[in-house]
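Numbering that gives the first Met the number 0 applies: residue 0 is where the sequence shown begins, and numbers increase by one. Each remark here refers to the structure printed beneath this line.
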Amino acid sequence: MKYYRTEKQRLYYDKMISLYRDKHMGRQRIEKIIPVSNHTISEWIRTFVAENPSYKSERMKQAEERRKKKAALESVDTPVPGDVESLKAEVARLRKALKEESMRADLYNEIINVAEEQFKIPIRKKAGTRQ
């Protein structure tokens, strides 16, 4: 970090970085030692790691890997327009899902009808607005 923006940074930044880098302490342990908020400590660690990528913690590396895998999976899920077989499979899957959802909607409507008959109270909202 080239310059300190605040008095707290001038007082505690170097100590916090030495605890993080040399003692391998995490944010919560550092927060108990240094009287700075956990948000500020997190920002300082992020800034330090951005300047020195070799100090990434194992959790940061794992989170980065998960993000990369998720992005790769999302890009694979969308079928290529020229692949006819995958498009047919996608259409079949969507039709099956539509059929299941329409059956579920019919079931819910029937449950409401039975409840209205049995308890003699209107459950469905009336159409239109009150004036």
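The C-beta atom is built at its ideal place from N, Cα and C for all residues, glycine as well.
Bounding residues of the alpha helix (DSSP H) (the contiguous stretch that carries residue i)
{"i": "His38", "result": "37-50"}
{"i": "Asp13", "result": "6-20"}
{"i": "Arg28", "result": "26-32"}
Residue i versus residue j - alpha carbon distance
{"i": "Glu100", "j": "Met59", "result": "40 Å"}
{"i": "Lys41", "j": "Arg26", "result": "Residue 41 is actually Ser in this sequence, not Lys. If you take the alpha carbons of Ser41 and Arg26, they lie about 7 Å apart."}
{"i": "Val83", "j": "Ala71", "result": "22 Å"}
{"i": "Glu30", "j": "Asn37", "result": "6 Å"}
{"i": "Phe118", "j": "Lys95", "result": "35 Å"}
{"i": "Ile122", "j": "Met102", "result": "20 Å"}
{"i": "Tyr107", "j": "Lys125", "result": "17 Å"}
{"i": "Lys7", "j": "Met15", "result": "11 Å"}
Helix, strand or coil at residue i according to DSSP, with G and I counted as helix
{"i": "Met102", "result": "helix"}
Of the listed residues the options, nearest to residue i (C-alpha basis)
{"i": "Ile44", "options": "Glu116, Lys98, Ser17, Thr5", "result": "Ser17"}
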